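Residue numbers (the numbering used here): 2 to 369.
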């Protein structure tokens with residue numbers, strides 16, 4: 002840790018001192034701001050100067066890694082150079098929490114959490130809710146062990162969202178401060194495309210772009226998932242079977258070209274199939290029914306530390322709007338009613354043939 006109390010009970014931040022002043026500071030007595038036990042100032046050629054507990058301490062601040070220390074030091078200077086007043090490891094009594102950094106600029110505050118070690122979803126929700134309850138925005142920055150090309154649940158639970166960046170994640174490894182933004186899933190498999198931008202170095206932005214799979218590739222993927230008894234797709238096929246449907250024969254409307262937002266744990270294809278199976282027997286769809294659908298099928302959404310309920314509503318609203326645009330649903334006073342319904346197919350060859358004719362017709366309309 003970088004902060005400690007001196008004998009006069011004054012809170013001292015090491016990063017405010019020059020390297021030449023460290024030997025003098027080592028001669029003083031220091032105390033942990035959390036447990037109030039004595040600590041010592043550790044410094045040397047091979048380590049960043051920091052306060053450390055004596056052995057066998059059970060304080061929660063006693064087991065900080067070198068990676069976490071170096072990362073906090075980098076962030077302290079990074080934000081300080083950009084006009085923020087930076088406070089390290091400040092204790093917030095109302096929240097009973099200690100963010101790694103508390104930033105202040107223009108009367109606005111922002112908490113920064115640099116997460117290097119594994120963190121359970123329950124603990125993440127608890128800590129994020131603490132900040133939200135006090136109207137203090139928090140940004141999570143992930144350490145080196147979280148950086149991997151293929152995003153998984155353990156990274157996606159830290160999602161942030163903004164109008165300009167879409168859904169994004171922040172990573173810090175040594176001096177590599179990376180922003181992965183406009184994260185989205187393409188196709189049916191859980192693979193994500195995104196843009197990568199360096200925030201601390203002059204480097205060109207890169208992009209992980211995934212090609213849109215063809216309808217035949219999507220059907221082949223579904224066949225493999227059912228053949229290998231993948232749990233999620235088996236459960237969806239079971240729901241189809243109970244309504245005398247088959248997943249492979251789902252309407253072309255379900256195979257949307259729209260990218261899937263990462264707040265969905267499944268693809269938009271799966272969400273659309275569940276939607277049709279839920280509402281195709283109802284002549285009228287009420288707004289409350291959409292709320293009930295979202296709550297009942299919450300397992301289709303990505304579990305995250307933040308509350309993305311408004312964004313979940315937006316996903317369903319866009320789905321209904323697409324049905325209206327394509328002439329399947331009509332808007333009425335109570336909500337929506339079916340004008341016609343997307344067609345389920347009797348066989349895979351029929352489905353592929355109709356899709357081919359649709360593509361040919363669209364091409365002729367564009368170029369004729």
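Yeah, the Cβ is synthetic: ideal placement off N, Cα and C, and Gly gets one too.
Note that the structure is a prediction, hence the values are computed from the model and not measured.
Using a Cβ-Cβ cut-off of 8 Å (strictly less than) and excluding sequence neighbours within five positions of residue 364, which residues of its own chain qualify?
-> Reliability fails at residue 364, whose pLDDT of 45 lies under 50, so the model's placement of it is uncertain and the value that follows must be treated cautiously. There are no such residues.
In the DSSP assignment, what residue or residues form a beta bridge with residue 115?
-> Paired residue(s): 142.
For residue 371, does the three-state DSSP call read helix, strand or coil?
-> Residue 371 lies beyond the residue range present for the chain, which begins at 2 and ends at 369; the question has no answer from this structure.
Residue 182 bridges to which residues according to DSSP?
-> The partner list for residue 182 (beta bridge, DSSP) reads 196.
Out of curiosity, what's the CA-to-CA distance linking residue 45 and residue 268?
-> 52 Å
Locate the alpha helix (DSSP H) running through residue 155, then write down its first and last residues.
-> 154 to 157
Own chain partners of residue 291 with C-beta closer than 6 Å, once the 5 adjacent residues on each side are dropped | Excluding sequence neighbours, residue 291 sits near 317.
Does DSSP put residue 106 in a helix, a strand or coil?
-> strand
The beta strand (DSSP E) with residue 169 in it runs from where to where?
-> For residue 169, the enclosing beta strand (DSSP E) stretches over residues 167 to 174.
Quick one: grab the DSSP three-state call for residue 225.
-> helix
Taking the C-alpha atoms as reference points, what is the distance between residue 52 and residue 65?
-> 10 Å
Alpha-carbon spacing of residue 42 relative to residue 17, whole angstroms = Distance between the alpha carbons of residue 42 and residue 17 is about 14 Å.
Taking the Cβ atom as the reference point for each residue, do residue 240 and residue 278 lie within a distance shorter than 8 Å?
-> Yes, Cβ-Cβ distance for residue 240 and residue 278 is below 8 Å.
Rounded to the nearest angstrom, how far is the Cβ of residue 170 from that of residue 143, given a contact under 8 Å?
-> 7 Å
Through-space distance from residue 37 to residue 264, alpha-carbon basis = 42 Å
Quick one: what's residue 52 bridged to in DSSP?
-> Its beta-bridge partners are 42.
Taking Cβ to Cβ, would you say residue 40 is nearer than 8 Å to residue 33?
-> yes
Local Cβ density within 10 Å of residue 15, reported as buried at 16 or more and exposed below that | buried
Leaving aside the five residues before and after residue 260 along the sequence, list all residues of the same chain whose C-beta is less than 6 Å from its C-beta, in chain order.
-> Spatial neighbours of residue 260 in its own chain (CB-CB distance under 6 Å, excluding positions within 5 residues in sequence) are listed in chain order as 185 and 187.
Quick one: is residue 338 near chain C, going by C-beta distance under 8 Å?
-> This model lacks chain C altogether; it includes just one protein chain.
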